[in-house]
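K.L.:
I'd like to ask some things about the structure below.
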Amino acid sequence: MSGVLPTTTELRLVLPEVWLVIAMCAVILVPLVAPRNSRVLALAALGGLALAVLSLLRTLDLAGDYGFVFGGSLTVDYFSQLFKLVLLMFTMLVLIQWWIVSSRRPDPLDTPDFLCLLLGATLGMSLMASASNLLMIFIATESASLPSFALAGFRKRHRAGSEAALKYVIFGAASSAVMLYGMSLIYGTTGTLELEGVGRAAASGVTPLLAVGLLSMFAGIAFKLSAVPMHFWCPDVFEAAPIEVTTFLSVASKGAAVCLLLRVVGSLGAGTWPGESHLTGLLAAVAIMGAVTATWGNLVAIHQTNIKRLLAYSSIAHAGYMIMAASLICRTDGGSSSAAVAGPVLFYLLVYVFMNLGAFTAAALVAKDVGSEDIRDMAGLLRRSPVVATMLTLFLLSLFGMPGLGGFMGKVYLMKAMADAGAWGFLLIAALLLNTLLSLYYYMRPVYFMAFHAEPPDSLPLRPDLAGVAILVLCSAVLLWTGLFPARAADLTEDFALLQLVHQPAPPAPGTGGDPRGDEATGTASVSQAGSPTEGLGANFPVASVERGDLPTLDTAEP
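Just so it is clear: in the sequence shown, position 301 is 295 by my numbering, and no numbers are missing.
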């Protein structure tokens, strides 16, 4: 890593993360001037997130300066920026959900801790999307994991929550130790911490020691993804944690881990030629892990009666779908650029945010009214609250993949990316379709009880909070928009599916005058500027370059 101090441009590129740190400090300090006022604290957290969103949008003006920052430890590119935008806006919605669905107003003494932990986890997940250095990957994953452990057991007098949090901590500590050990083996074998350098070393031949190191590192990423066999913590934590924590972890944690997986796998194969087989075993292992994860999640979800536990196994299955697609980002059979895979995954993540947020919010509104999370206690909900029941049905159908909804188009785009991979991709499509059919049964169980079972004799009409209904309407509108008119969202995610994976273009093949594949085949999406390609990033900061026309056009004002 370079010892050069960060430039002003580099600091501006990471300004969203800086605002998150400032917001964390604010929610701790605000009680000194406004004691016992949860509303002010919530507004301070929302204000910090809003400022982070605005500063992120302003970084689009700096697209010409995108690249490796802070000595190559972080990568700021279109892919990471879009995910961060989705993550920050999702966290804002989770904060609103937290205020709405709490069975009682938050304790002012606990609110600063909760908000600081939530913002800290968001910061770690934001760093995960940009990490391009083994040390930064470890720091980012731990920055996301440690606050998540505390959030899972935040209800200190809730025995099941404490037990689940302890299980989460034990699994997390073990996976972190294994990942760190694997990274030490990778560094000892390759002599570099940069993902790009590890990829170049792997292209020269994967030694047994390097293979063990890569396997151990992927075990740590699998923990964040709840991928089989690192998934055991997920259902217990999702069931016992507060509903807002469950909602946050079900989307943000998995989304950040998928982005990290795409960057790691893409970097390992960034400089390779079609037909090279040094990563075939690794990519096959990732794909098989995704298929097994999806199958296991769907099979076990069939037997669940708790709605949060059912959605936990559902999230495991959806993580499996995205893992299968991510395994194709550096295909060795000569496919298209990494954007062909990263785009559909980004689209799926965008849709998944609103599917899960809506489903958990509807489940929380029902549980708050009936005092139970058992799907059998949703009996007669269609008559007691037609709006909530209808929208919950819509979210479950979208999770299944009903045509006309965003979940269906998300799976269509994933299958299109798989189809471009050849015979291996068609096997993954078969696995995805089989799992989709398998999931229909357990997604329809809550609908069966809501529509065809009579409500208890003493039940009263359910009157949800207006703000809660507003969240459900927003999520429903997004799912209908992405399902019926997906082109606009698909174009956006495709334009932003530009991963910068290497500093310099791959060297030409022996005996040729150049690389006929260009940046598309290397998986590189880098940015050129007027003048020197290192302008604004320091003289020792190398950046790969492509034509400006390869990037999406942005009509933004000069800062």
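Glycine is no exception: its CB is placed at the ideal position from the N, C-alpha and C atoms. The model shown is predicted, which means the values in this text are computed figures rather than measured ones.
So the candidates are Gly284, Leu174, Thr274, Glu238; which of them puts its Cα closest to the Cα of Pro223?
P.N.:
Nearest option by C-alpha distance: Gly284.
K.L.:
Using the beta-carbon count (16 or more within 10 Å), is Arg260 buried or exposed?
P.N.:
Looking at the sequence shown, residue 260 is not Arg but Gly. By the neighbour-count rule (16 or more Cβ atoms within 10 Å), Gly260 is buried.
K.L.:
Are there three or more Cβ pairs, one per stretch, closer than 8 angstroms when the stretch 331 to 345 is compared with the stretch 288 to 305?
P.N.:
Segments in contact, no.
K.L.:
Classify Arg150 as buried or exposed, calling it buried when 16 or more other Cβ atoms lie within 10 Å of its own Cβ.
P.N.:
It is worth fixing the name first, because residue 150 is Lys in this sequence and not Arg. Exposed: under 16 other Cβ atoms inside 10 Å.
K.L.:
Do the stretch 223 to 238 and the stretch 34 to 45 make contact, defined as three or more Cβ pairs closer than 8 angstroms?
P.N.:
Contact between the stretch 223 to 238 and the stretch 34 to 45 is absent, because fewer than three Cβ pairs lie under 8 angstroms.
K.L.:
Going by alpha carbons, who is nearest to Leu351 out of Ile133, Leu495, Leu305?
P.N.:
When only C-alpha atoms are compared, the closest one is Leu305.
K.L.:
Below 8 angstroms, how does it come out for the stretch 50 to 67 and the stretch 0 to 19: are there three or more Cβ pairs, yes or no?
P.N.:
Short answer: they touch.
K.L.:
For Ala213, count the other beta carbons within 10 Å of its own beta carbon; 16 or more makes it buried, fewer makes it exposed. Which is it?
P.N.:
Burial call: buried.
K.L.:
I want to see whether chain D comes within less than 7 angstroms of Phe420, judged by CB atoms only; does it?
P.N.:
Within the model displayed, chain D is absent; a lone protein chain is all it includes.
K.L.:
Could you tell me whether the stretch 242 to 261 touches the stretch 120 to 135, where touching means 3 or more Cβ pairs closer than 8 angstroms?
P.N.:
Yes, the stretch 242 to 261 touches the stretch 120 to 135.
K.L.:
From Lys248 to Lys218, what distance separates their C-alpha atoms?
P.N.:
Each residue's alpha carbon lies about 6 angstroms from the other.
K.L.:
Taking 6 angstroms as the cut-off, is the C-beta of Ala221 nearer than that to any heavy atom in the ligand ADP?
P.N.:
The ligand ADP is not part of the structure shown, which contains no ligands of any sort.
K.L.:
Apply the 10 Å Cβ neighbour rule to Gly291 and answer buried if 16 or more other Cβ atoms are within range, or exposed otherwise.
P.N.:
It is buried - the Cβ of Gly291 has at least 16 other Cβ atoms within 10 Å.
K.L.:
Tell me Val80's beta-bridge partners as DSSP assigns them.
P.N.:
According to DSSP, Val80 bridges with nothing at all.
K.L.:
Determine the closest residue to Pro103 out of Thr355, Leu26, Val382, Glu488, with distance taken between C-alpha atoms.
P.N.:
The sequence as given places Leu at residue 103; Pro does not occur at that position. Nearest C-alpha to Leu103: Leu26.
K.L.:
Taking DSSP as the reference, what is the three-state secondary structure of Thr69?
P.N.:
Strand at Thr69.
K.L.:
In three-state DSSP terms, what is Glu233?
P.N.:
In this structure, Glu233 counts as helix in the three-state DSSP scheme.
K.L.:
Taking Phe389 as part of the alpha helix (DSSP H), name the residues at either end of that continuous run.
P.N.:
Looking at the DSSP string, the run of the alpha helix (DSSP H) that includes Phe389 is 380 to 394.
K.L.:
If you check the beta carbons only, do Trp147 and Ser156 fall under 7 angstroms apart?
P.N.:
For the record, residue 147 in the displayed sequence is Gly; it is not Trp. Yes, they are a contact pair.
K.L.:
Leu432 to Ile180, Cα distance in whole Å?
P.N.:
If I take the Cα positions, the gap works out to 39 angstroms.
K.L.:
Go through its chain and collect everything with a Cβ distance to Ala134's Cβ below 7 angstroms, but skip five positions before and after it.
P.N.:
Excluding sequence neighbours, Ala134 sits near Gly118, Leu121, Met122, Ala125.
K.L.:
Taking DSSP's pairing of strands, which residues face Asn300 in a bridge?
P.N.:
Answer is Asp368.
K.L.:
I'd like to know if the stretch 340 to 360 and the stretch 453 to 468 are in contact, where contact means that at least 3 CB-CB pairs between them fall below 8 angstroms.
P.N.:
These segments touch.
K.L.:
Taking 7 angstroms as the threshold (C-beta atoms), are Ser392 and Met438 in contact?
P.N.:
Not closer than 7 angstroms, so no.
K.L.:
Please name the residue in Leu140, His447, Leu40, Gly66 whose C-alpha comes closest to that of Met602.
P.N.:
Because the chain in this structure spans residues -5 to 553, residue 602 falls outside the shown range and cannot be described.
K.L.:
Starting from the C-beta of Tyr315, find all residues in its chain whose C-beta is less than 8 angstroms away, skip the five residues before and the five after it, and write them out in chain order.
P.N.:
Correct list, in chain order: Gly284, Ala288, Tyr342, Lys405, Leu408, Leu426, Asn429.
K.L.:
Which residues in the same chain have their Cβ closer than 7 angstroms to the Cβ of Ala154, if we skip the five residues on either side of it in sequence?
P.N.:
Excluding residues within five positions, the ones whose Cβ falls inside 7 angstroms are Ala234.
K.L.:
Please give the ranges of any alpha helix (DSSP H) in the stretch 417 to 499, keeping only runs that are unbroken, at least 4 residues long and fully inside the region.
P.N.:
Complete alpha helix (DSSP H) runs here, min 4: 417 to 446, 460 to 478, 481 to 489.
K.L.:
Asn31 by DSSP, collapsed to three states: which one?
P.N.:
Asn31 falls in the coil class under three-state DSSP.
K.L.:
Strictly by DSSP, which residues pair up with Phe62?
P.N.:
Beta-bridge pairing links Phe62 to Thr69.
K.L.:
Roughly how many angstroms separate the alpha carbons of Ala197 and Gly263, rounded to a whole number?
P.N.:
Approximately 8 angstroms, taken between the alpha carbons.
K.L.:
Rounding to the nearest angstrom, what Cα-Cα distance links Gly416 and Val70 in this structure?
P.N.:
Going from the Cα of Gly416 to the Cα of Val70 covers about 31 angstroms.
K.L.:
Return the CA-CA distance between Ile94 and Ala319, expressed in angstroms with no decimal places.
P.N.:
C-alpha separation (whole angstroms): 36 angstroms.
K.L.:
Mapping DSSP to helix, strand and coil, what is Ala125?
P.N.:
Correct three-state label for Ala125: strand.
K.L.:
Can you have a look at Trp13 and say buried or exposed, based on whether 16 or more other CB atoms are within 10 angstroms of its CB?
P.N.:
It is buried - the Cβ of Trp13 has at least 16 other Cβ atoms within 10 Å.
K.L.:
Hey, quick one: how far does the alpha helix (DSSP H) through Ala250 stretch, first residue to last?
P.N.:
Where Ala250 is concerned, the enclosing alpha helix (DSSP H) stretches over 248 to 262.
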